[in-house]
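Engineer: Before anything else, here's the structure in question.
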Ligand SMILES: Cc1ncc(C[n+]2csc(CCOP(=O)(O)OP(=O)(O)O)c2C)c(N)n1
Ligand SMILES: Cc1ncc(C[n+]2csc(CCOP(=O)(O)OP(=O)(O)O)c2C)c(N)n1
Ligand SMILES: [Mg+2]
Ligand SMILES: [Mg+2]
């Protein structure tokens, strides 16, 4: 540690996939925390939750990393019980949609235990849930329940949008956070490579500025942060528009002052979230701004999210169901220059094509 | 029908409790709809879901009204299966908190079936869930998940705030609504008596103006509508402030134009909801207003909801956990006259004392 | 003789299922089918035997692995391919894809991608049938893994208490994704059902369409008389859990386990009948694929329909 | 002699529980206890026999009906009354009330008002104990109704598969609120558990503290050796489901069923010992009530603490 501090230059940047970052933090948790364990359907198989737990069962043994039957509610209850006696459980759901089977344990139990017993009991634990998207996964493999979980006090909800965010947040959560945390990971991020910056640029357990700008504020979550960053680059290059991108990052405990300060500067807002608009993240952003200053915005904000329907499977429908890069760029430009901004929009429609053609594993 | 239309005066107003209104509509559903049935824990016992199903098992038989084991997820699935073959199931949860055990069937299944199968299947059904409050019911018997359910397309979520709302909405839902409906009933309403107006004043399946006014708009839900109406009367009497109260009524399909029109008139907003503020109803209200006109409000709105914690049981804590009549009046006056409005506030602290001292049955 | 005719009928349907899924495998690299597919190759005899034994007006509630049940229950092939292609003429207009095939007109009710979640639906439909009188039954089809979910317990208990005409049909391929049954289950299914007073039977010969049909006929008769029944049928999934490939190289299971099955699989063993019937079936499939290819893609007009 | 000493010890605790709950009944009309109370009067022998048989470091996970278990496991009376009063010196500072009594320092873990929801917690704690080595065990206490929930099935299966040292302890009072067991359950608990390979035993003499203790000692020994066990103990709830009254006038159950129990209830039958021990116990309770009355109410400072 002292060594590293003495020569910061030695620690140079490297490239690491999101799945790789997850694997590193899972490995680190098991290594540093003798009471940590990982359980979930398939955590010990060759696919290892899309590469985020691969090899750990071999390395740490079946008592620390193990498969479970199909029992989402039961598994979450087992995790809580273990947490109450001092373990640190990490559970997984390969689709966020399956966490609805564990809703009682998450909302009625884990979220309540610290408060309900006046601090007599704690259940620090990490629930990793993965949001699906594209290739016709459809209505039951595509939901992104951040607004749902963040509504309930007692839960901490994060949505790491990069390998850096995973590397910085997960150890902080696992080693120090006193309560249950739900981390919502986006499947499309898993196979992406990110550059890891030196340690002085830590992603906090709250919101942060992912890109500075002065004309429009884009408040984004998860994979939409990447969309926003690409769009910000595009509008900079094509139209000289300077977009500030804020990664909300923590959904339950965002840095609303940071968001408000940015909007105070830009007076223009775009929100870009992975879920539906209704009763979602965008609403809470509006509320927080209004409570601070109802006159902040010059014009109605633009909001990007899923269309108000369950997710269809046809590619032609999926493509218009999710906000595309086209939509994101248009939203920023409309904020900055008005509806008739006249600037060419990028042609590609679907984000899944932007990064790579996602075709599983599911 | 023609008779009634011919002499509207014959249909005079009457007094009916909320539980009585529920019982009437349940009775009506069973009478008018041969395929309707009611199932839930204790629906056929002497307490009959706080009087809302009492006597119906005797009247319609055990095949139409029946008790079930403790099986929230299973029961909801059974209801969906019955709905898919043309029945109209009505299920009950004596606490909304228990619906979290059925979340998978509600969100992944009932909400998705119409869309996911392209209209091949429908599951019209009514899920009645009751919000608890007061007398130390605590963290697991007090939640009010309207924002959670309303986030998911496919669900219709209503919160009837009066006997009239029940009488007008339930038959409309049961007889005509094509999809699953979650009705969130507040336990404190059950024992209250309401005056039922003549049939020409129907409560729609969306929002409506519960009291006209010109100085401040109060957007309220469920039992908070009553609080808002009382507070509106108080500020009218004491300070000549004219508050318009809008009962949001449908959480999933509110009449946002109605809300916006009111705020356009008053330029001042109070929201009063039965749940937490974070990612709740107030945020969606702000979003809808901002999307229409970000300059609508003169000052930050006031928002009433539960404190950001699970519900404590001590009376001294409960009293400050929920917004009181005191808080509601203060919020309206602060909107109308500023923080230093100097007007006396009502002394009573807890709404539960305002109506009656609630002490169960739970 | 009669058996021979039945055998041909069942065989034809089973072969159709296999050829359909092989066509899916062939088409998949073209990315025309952008839908996660859970193939039932190796398991066709179950769907075929079961559906043949059921009455046309009996209902089947199924899972994401339901190409076989869709076809065996009588679902239209062209609408199925159009659905896999995500086209307007798909049975659900492209909103369902492979995981949510349904054909309520022929009694195939919703298929869900959430494991175990249609089991109580079958119970609910059966409850309705019982109240209305008559002797229709409902069948819940699910994999061995599904029985681990809490809702299975709730469904068994309720069905037994209410004595509803539901057939619980477990397709036991011994796997849930890559997990073998013994590490997931402490119980044997038929003994477990017996604890609820539900009669049941395990059929080891899940490759044998006639045996499946016979077992289902007997089970359905029991159910029709007003009692639930658990029928567990051993079977074998030849392909990977999801997708069109094989997965033996990942070493989580041996080829042996599947090879033993293949040696008894009529669709392999009875090569003569395969050769005889295939050309006509392939033409049917060609037509269905052509139908799908010709069908337009849904668009903005369809995006927000049927939400409620 | 030894038995006699044990009997006195158990009796004293059982009587304390009864007197505490009778005090709650007496206090209730004053509205000083504003908390829904689920009395265990009639069921005390279970809590007392079970907790006496467990080791001090064994854990009990309980329900909303846990005054008995709180006291039997060694929870402090003054902190309990303060909790019922919603005061700062309540064991959870007034945030828990009657339904969420806990005393982790003496091994009474969280009590939940959501039926069946602490069952998997006991399994999870037992899983930890097993991994760490040693021979601590965890007990899940639940009512007969709780076994209907899906999570019970998931918990049994997992416990059996992982062979964790958990005691499933069912307090069978035959009722879930006002519903009798036969209309809710198609299974018998011990046979049901056997389907998962879990050994079990039903004890009919739930009024007999020594019998409960002995049965628990045997069950706990089995569990300590590394296998789950289901112990089902018949018992009788004298009072209404929630609240301090009786409910026979609602005619959903007969007084007979309870009277038969009362005729064997040592806390009624052994009037001599009751008379002998009561004065001292009443003084203990007086002190606890006085403590509660003197304790300040929590306020704004406490409202938002311990949320995370
Ligand atoms: C509730 C739920 N949990 C987990 C999954 C992920 N998953 C998809 S299929 C599957 C295995 C199911 O096994 P089984 O029921 O035996 O059916 P099979 O795939 O073998 O036909 C799992 C775990 C899911 N879809 N739903
Ligand atoms: C999940 C859930 N469903 C329903 C309820 C309402 N409820 C409270 S107690 C109870 C009966 C439970 O019976 P049992 O488990 O036998 O315990 P007992 O009250 O008899 O001790 C019910 C249905 C609840 N608290 N939680
Ligand atoms: Mg399987
Ligand atoms: Mg009971």
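Protein chains in written order, with this note's numbering: chain A, 753 to 1114; chain B, 753 to 1114; chain C, 221 to 528; chain D, 221 to 528.
A virtual CB, placed ideally from N, CA and C, is assigned to each residue, including glycine.
When the Cα atoms are used, what is the spatial distance from residue 898 (chain B) to residue 883 (chain B)?
Structural biologist: 10 Å
Engineer: Please confirm if residue 758 (chain A) has its CB atom under 8 Å from at least one CB of chain C.
Structural biologist: Low per-residue confidence applies at residue 758 (chain A): pLDDT is 40, beneath 50, and the placement is therefore not dependable enough to give any value.
Engineer: Could you check whether the Cβ of residue 1112 (chain B) sits closer than 8 Å to any Cβ belonging to chain A?
Structural biologist: no
Engineer: Please report the straight-line C-alpha distance between residue 967 (chain A) and residue 1004 (chain B), rounded to a whole angstrom.
Structural biologist: 34 Å
Engineer: Which partner residues of residue 960 (chain B) appear in the DSSP bridge assignment?
Structural biologist: Listed as beta-bridge partners of residue 960 (chain B) by DSSP are B:999.
Engineer: Measuring alpha carbon to alpha carbon, tell me which of B:1016, B:1019, B:1017, B:957 ends up nearest residue 1000 (chain B).
Structural biologist: Measuring C-alpha to C-alpha distances from residue 1000 (chain B) to each of B:1016, B:1019, B:1017, B:957 identifies B:957 as the nearest.
Engineer: Which class does residue 480 (chain D) belong to by DSSP, given the choice of helix, strand or coil?
Structural biologist: helix
Engineer: Can you tell me whether residue 441 (chain C) is buried or exposed, with buried defined as 16 or more other CB within 10 angstroms of its CB?
Structural biologist: exposed
Engineer: Can you round the beta-carbon distance between residue 857 (chain A) and residue 828 (chain A) to whole angstroms, since I take them to be within the 8 Å contact cut?
Structural biologist: 4 Å
Engineer: Measuring alpha carbon to alpha carbon, tell me which residue in A:788, A:939, A:800, A:864 is nearest residue 315 (chain D).
Structural biologist: A:864
Engineer: Can you pull the chain A residues whose beta carbon is under 8 Å from the beta carbon of residue 336 (chain C), in chain order?
Structural biologist: 822
Engineer: Taking just the CA atoms, how far does residue 922 (chain B) sit from residue 1015 (chain B)?
Structural biologist: Here the alpha carbons of residue 922 (chain B) and residue 1015 (chain B) stand approximately 29 Å from one another.
Engineer: In chain A, which residues lie less than 7 Å from residue 344 (chain D) when you measure between Cβ atoms?
Structural biologist: 829, 830, 831, 832, 833, 834
Engineer: Are the C-beta atoms of residue 374 (chain C) and some chain B residue less than 8 Å apart?
Structural biologist: yes
Engineer: Just to be sure I understand the criterion: a residue counts if its Cβ is closer than 6 Å to at least one heavy atom of ligand 4. Which residues meet that?
Structural biologist: Going along the chain, the residues that qualify are D:363, D:364, D:365, D:393, D:395, D:396.
Engineer: So within the region 260 to 309 of chain D, which uninterrupted alpha helix (DSSP H) runs reach at least 4 residues, ignoring any that extend past its ends?
Structural biologist: 264 to 273, 287 to 292, 297 to 304
Engineer: At 7 Å on the CB atoms, spell out the chain A contacts of residue 403 (chain C), in chain order.
Structural biologist: 819
Engineer: Kindly examine ligand 1 and report whether one of its heavy atoms sits closer than 7 Å to the Cβ of residue 391 (chain C).
Structural biologist: yes
Engineer: Using a Cβ-Cβ cut-off of less than 9 Å, list which residues of the region 433 to 447 of chain D approach chain C; keep chain order.
Structural biologist: Listed in sequence order: no entries.
Engineer: Residue 371 (chain D) and residue 283 (chain D): beta carbons closer than 8 Å?
Structural biologist: Contact: no.
Engineer: Figure out for me which residue from C:351, C:285, C:304 has the closest Cα to the Cα of residue 834 (chain B).
Structural biologist: C:351
Engineer: Give a yes or no on whether the C-beta atoms belonging to residue 1075 (chain A) and residue 377 (chain D) are separated by under 8 Å.
Structural biologist: no
Engineer: Could you check whether residue 407 (chain D) and residue 406 (chain C) sit closer than 8 Å to each other, using their CB atoms as the reference points?
Structural biologist: no
Engineer: Taking C-beta to C-beta, are residue 259 (chain C) and residue 459 (chain C) nearer than 8 Å?
Structural biologist: yes
Engineer: In whole angstroms, what is the alpha-carbon distance linking residue 439 (chain D) and residue 433 (chain D)?
Structural biologist: Computed Cα separation, rounded: 10 Å.
Engineer: Looking at the structure shown, is residue 941 (chain A) part of a helix, part of a strand, or coil, going by DSSP?
Structural biologist: When secondary structure is reduced to three states using DSSP, residue 941 (chain A) falls in the helix class.
Engineer: Just tell me which of B:1030, B:1080, B:804 has its CA closest to the CA of residue 906 (chain A).
Structural biologist: Per the Cα distances, B:1030.
Engineer: Smallest Cα separation from residue 289 (chain D): which of D:277, D:334, D:223, D:329?
Structural biologist: With distances taken between Cα atoms, residue 289 (chain D) lies closest to D:329.
Engineer: Which runs of the alpha helix (DSSP H) fall wholly inside the region 1039 to 1092 of chain B and span at least 4 residues, in chain order?
Structural biologist: 1067 to 1073, 1077 to 1089
Engineer: Please tell me whether, using a cut-off of 7 Å, the distance from the CB of residue 822 (chain A) to the nearest non-hydrogen atom of ligand 1 is below it.
Structural biologist: yes
Engineer: Would you say residue 412 (chain D) touches ligand 2, meaning its beta carbon is less than 7 Å from a heavy atom?
Structural biologist: For ligand 2, not one heavy atom lies less than 7 Å from the Cβ of residue 412 (chain D).
Engineer: Might you give, ordered along the chain, the residues of its own chain that have their beta carbon closer than 6 Å to the beta carbon of residue 1095 (chain B), omitting 5 neighbours on each side?
Structural biologist: Result list for residue 1095 (chain B): 990, 991, 1085, in chain order.
Engineer: By Cβ distance below 6 Å, which residues in the same chain neighbour residue 490 (chain C) in space, the five residues on each side in sequence not counted?
Structural biologist: Taken in chain order, the list of residues that qualify is empty.
Engineer: Report yes if the CB atom of residue 277 (chain C) is closer than 8 Å to the CB atom of residue 327 (chain C), and no otherwise.
Structural biologist: yes
Engineer: Quick check on residue 877 (chain A) - is its C-beta less than 8 Å from some C-beta in chain D?
Structural biologist: no
Engineer: Residue 1062 (chain B) and residue 1070 (chain B): beta carbons closer than 8 Å?
Structural biologist: Going by C-beta atoms, residue 1062 (chain B) is not nearer than 8 Å to residue 1070 (chain B).
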